[in-house]
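Report on the following structure.
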Amino acid sequence: MTCHDYKDLMMGYLDNELSAEQRQRFEEHLTGCPECAKELEEFKRLKAITDEVTLVEPEDRIWHDYWDNIYNRIERGLGWIVFSVAGILLVIYAGFKLIEELIKDPTLGYLLKIALLALTAGLAILFVSVLRERLYFWSKDRYRDVRR
Amino acid sequence: MIAMQRCRRGSKEAFEVFVRKYMKQAYFIALGLVGNREDALDLSQEAFVRAYRNIKHVKSDRRFFPWFYQILKNLCVSHLRRRRYRQASSLDADDCPEVAAAEDHFSPEVVVGRDEAKNRVWQAIGKLDEKHREVIILRHFQGMSYEQIAEALFCNKGTVTSRLYYARKRLKELLGAPKGGGINDVP
Numbered sequence: 001m002t003c004h005d006y007k008d009l010m011m012g013y014l015d016n017e018l019s020a021e022q023r024q025r026f027e028e029h030l031t032g033c034p035e036c037a038k039e040l041e042e043f044k045r046l047k048a049i050t051d052e053v054t055l056v057e058p059e060d061r062i063w064h065d066y067w068d069n070i071y072n073r074i075e076r077g078l079g080w081i082v083f084s085v086a087g088i089l090l091v092i093y094a095g096f097k098l099i100e101e102l103i104k105d106p107t108l109g110y111l112l113k114i115a116l117l118a119l120t121a122g123l124a125i126l127f128v129s130v131l132r133e134r135l136y137f138w139s140k141d142r143y144r145d146v147r148r
Numbered sequence: 001m002i003a004m005q006r007c008r009r010g011s012k013e014a015f016e017v018f019v020r021k022y023m024k025q026a027y028f029i030a031l032g033l034v035g036n037r038e039d040a041l042d043l044s045q046e047a048f049v050r051a052y053r054n055i056k057h058v059k060s061d062r063r064f065f066p067w068f069y070q071i072l073k074n075l076c077v078s079h080l081r082r083r084r085y086r087q088a089s090s091l092d093a094d095d096c097p098e099v100a101a102a103e104d105h106f107s108p109e110v111v112v113g114r115d116e117a118k119n120r121v122w123q124a125i126g127k128l129d130e131k132h133r134e135v136i137i138l139r140h141f142q143g144m145s146y147e148q149i150a151e152a153l154f155c156n157k158g159t160v161t162s163r164l165y166y167a168r169k170r171l172k173e174l175l176g177a178p179k180g181g182g183i184n185d186v187p
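Protein sequence lines correspond, in order, to chains S and A.
Residues in the first sequence are numbered from 1 upward in steps of one, following this note's numbering.
Residues in the second sequence are numbered from 1 upward in steps of one, following this note's numbering.
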């Protein structure tokens with residue numbers, strides 16, 4: 001084994017994660033390898049100073065309100081979904097009604113009516129295209145199940 | 001497992017048990033990944049919200065925390081990327097946005113008993129890349145075993161050991177950088 005192969009054992013040794021046999025093997029290597037022994041000493045110092053860094057505990061109020069905040073977000077999330085769906089449906093309905101009125105209006109020129117129809121068709125194509133793209137990437141996501 | 005099944009059926013009471021059990025861990029992991037309290041609190045809570053919405057898709061034999069950790073980590077990483085993008089857009093081309101983004105947000109005020117040495121270590125952790133920072137956070141600040149880290153990161157123990165080696169090596173280099181003294185100057 002080369003020194004590089006002992007790097008993993010060095011981390012395990014430092015963190016007390018080695019079996020007795022691995023520990024003995026690493027200690028034997030250390031006696032004959034001053035480079036690894038020096039590196040281990042440096043890592044021990046680093047570990048000691050890193051372990052000294054502790055993070056400030058937030059006030060009790062934060063923990064007290066923690067679940068309430070999550071609960072509110074869950075409830076509001078559902079509200080926003082319902083609100084958004086209703087909003088989209090209303091906008092689509094109003095849009096169709098408006099276009100219907102304009103198409104039927106005899107005072108408007110053909111060019112404007114064609115432009116309106118093209119605008120509606122363009123928006124519909126864009127919407128379907130984005131939706132299809134999202135569904136395609138979702139179905140091809142290799143990590144979709146891994147995360148769960 | 002029973003709590004997991006109840007959560008999958010939509011029980012908020014059962015989910016509350018998980019939240020109360022893991023909220024501190026979630027907050028401190030997020031703090032380690034993003035560096036400041038406000039973002040850590042917001043992201044850890046958002047991770048629980050997303051976990052609640054998706055828990056019905058989790059396989060019944062999965063343990064909660066490793067699965068939840070993936071959600072939390074993804075949120076923190078996305079947050080950091082957005083932050084970097086914003087900073088890159090707002091800084092002059094001569095500046096170095098990647099470094100500034102990580103460093104500036106690892107505020108020393110979150111470290112207990114602030115002194116120069118601890119601040120430098122905390123700032124150096126903030127300069128590590130995400131993959132290395134997370135193993136340092138999980139090992140040093142959460143006290144997780146290699147096996148627990150491997151489960152949370154969906155990798156084997158060998159990968160954890162290797163990442164820890166390179167993370168610590170990088171940390172050593174950062175603390176040993178000429179500006180502001182080296183690792184040997186840290187008491």
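Ideal Cβ positions, reconstructed from N, Cα and C, are used throughout, including at glycine.
Since this is a predicted model, take the numbers as computed values, not measurements.
Following the DSSP letters along the chain, one finds A:K56 in no alpha helix (DSSP H), marked with neither H nor E.
When the alpha-carbon of A:F18 is set against those of A:K73, A:M4, A:E147, A:L164, the nearest one is in A:M4. Residues of the segment 29-43 of chain S whose Cβ lies closer than 7 angstroms to any Cβ of chain A, in chain order: E42, F43. Under the Cβ distance rule, S:L135 does not count among the residues neighbouring chain A, no pair being separated by less than 8 angstroms. Within chain A, the residues whose beta carbon sits less than 7 angstroms from that of S:L55 are F28, L31, V110, V111, V112, F141, listed in sequence order. In this structure, DSSP gives S:L55 an extended state, which the three-state scheme calls strand. Within chain S, the C-beta atoms nearer than 9 angstroms to that of A:K118 come from I49, E52, V53, T54, in chain order.
DSSP, read as helix, strand or coil, puts A:V112 in coil. Using beta-carbon distances, A:L138 does not count as an interface residue toward chain S, since no partner is under 8 angstroms.
Rounded to whole angstroms, the gap between the alpha carbons of S:L135 and S:S84 is 20 angstroms. If the five residues before and after A:A150 are omitted, its C-beta is found closer than 8 angstroms to the C-beta atoms of N156, K157, T159, V160, all from its own chain and listed in chain order. Listed along chain A are V49, R53, each with a C-beta nearer than 8 angstroms to that of S:G77. Taken in chain order, the unbroken stretches of alpha helix (DSSP H) that lie wholly in the segment 21-72 of chain A and span 4 residues or more are 37-54. With contacts defined as CB atoms closer than 8 angstroms, A:S162 and S:D8 qualify as a contacting pair.
By a beta-carbon distance limit of 8 angstroms, A:H140 does not contact A:R170. Their separation comes to about 14 angstroms.
Interface annotation, S:I81: not in contact with chain A, CB-CB separation never under 8 angstroms. Bounds of the alpha helix (DSSP H) holding A:T159 are 157-175.
DSSP places A:F106 outside both helix and strand once states are collapsed to three, so it counts as coil. DSSP places S:E35 within a helical segment (H, G or I) once states are collapsed to three.
Going by DSSP, S:T120 is part of the alpha helix (DSSP H) stretching over 110-140. Going by C-alpha positions, A:Q70 is about 11 angstroms away from A:F48. Residue burial annotation: A:Q45 is buried, with at least 16 other C-beta atoms found within 10 angstroms of its C-beta. Taking C-alpha positions only, A:C76 is separated from S:G32 by approximately 44 angstroms. With its beta carbon less than 8 angstroms from one in chain A, S:R73 belongs to the interface.
Contact of S:E17 with chain A is assigned, a C-beta pair being separated by under 8 angstroms.
Distance from the CA of S:E17 to the CA of S:W80, rounded to the nearest whole angstrom, comes to 48 angstroms. The C-beta separation of A:V112 from S:L55 comes to about 7 angstroms, placing the pair in contact by the 8 angstroms criterion. Three or more pairs of CB atoms, one per stretch, sit closer than 8 angstroms, so the segment 59-74 of chain A contacts the segment 19-33 of chain A. Nearest to A:I125 by alpha-carbon distance, out of S:G12, S:L46, S:H29, S:R25, is S:L46.
For A:K131, the closest Cβ of chain S is not nearer than 8 angstroms. Between A:V110 and A:L31, the C-beta spacing is below 8 angstroms.
Counting only Cβ-Cβ distances below 9 angstroms, A:Y146 has contacts in chain S at M11, G12, D15, E17, in chain order. Per DSSP, reduced to three states, the secondary structure at S:N16 is coil, with no helix or strand assignment.
At a beta-carbon threshold of 7 angstroms, the residues of chain S lying near A:K172 are E42, L46, ordered along the chain.
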